[in-house]
Amino acid sequence: MATREERRSKKRPIHELRLGRIRAAVWENSTQNGMRHNVTISRLYKDGDQWKDSTSFGRDDLPLLAKVADLAHTWIFEQSGTANGNGDASSSEHDEF
Numbered sequence: 163m164a165t166r167e168e169r170r171s172k173k174r175p176i177h178e179l180r181l182g183r184i185r186a187a188v189w190e191n192s193t194q195n196g197m198r199h200n201v202t203i204s205r206l207y208k209d210g211d212q213w214k215d216s217t218s219f220g221r222d223d224l225p226l227l228a229k230v231a232d233l234a235h236t237w238i239f240e241q242s243g244t245a246n247g248n249g250d251a252s253s254s255e256h257d258e259f
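In the numbering used here, the protein residues as written are 163 to 259.
Structural data, given as structure tokens:
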């Protein structure tokens with residue numbers, strides 16, 4: 163089990179989105195080609211008194227998964243538009259996922 167200091171020193175997502183129990187975490191990665199973003203999506207569930215997460219989704223989770231993925235995609239494009247100063251979400255960064 164990780165200590166509190168180890169958990170604090172771990173890299174954190176730069177943005178999180180949540181719809182119900184479906185959560186998307188946006189991660190920023192610096193590459194030689196510039197900043198890139200990755201997204202992890204998980205489903206939160208309660209096991210006794212403890213909250214846990216899973217990357218397995220049931221049939222009823224899929225509509226929310228699609229919506230949270232779309233929101234993450236929009237957020238990343240908005241950030242790239244802001245970063246290049248033109249506010250144009252149609253920049254060449256369409257391959258970030």
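For every residue, glycine included, the Cβ atom is placed at its ideal position computed from N, Cα and C.
- For proline 175, the CB contacts under 6 Å within the same chain, skipping 5 residues up- and downstream, are Ala187, Val188, Trp189 in chain order.
- Arginine 205 is a Cβ neighbour of arginine 183, given a cutoff of 8 Å.
- Selection His177, Arg185, Lys214 evaluated against alanine 228 yields Arg185 as nearest (Cα-Cα).
- For the pair leucine 226 and leucine 181, the CB atoms are nearer than the 8 Å cut-off.
- Fully enclosed beta strand (DSSP E) runs of no fewer than 3 residues occupy 212–216 of the region 207–240, in order along the chain.
- Counting along the chain, the unbroken beta strand (DSSP E) around asparagine 191 starts and ends at 184–193.
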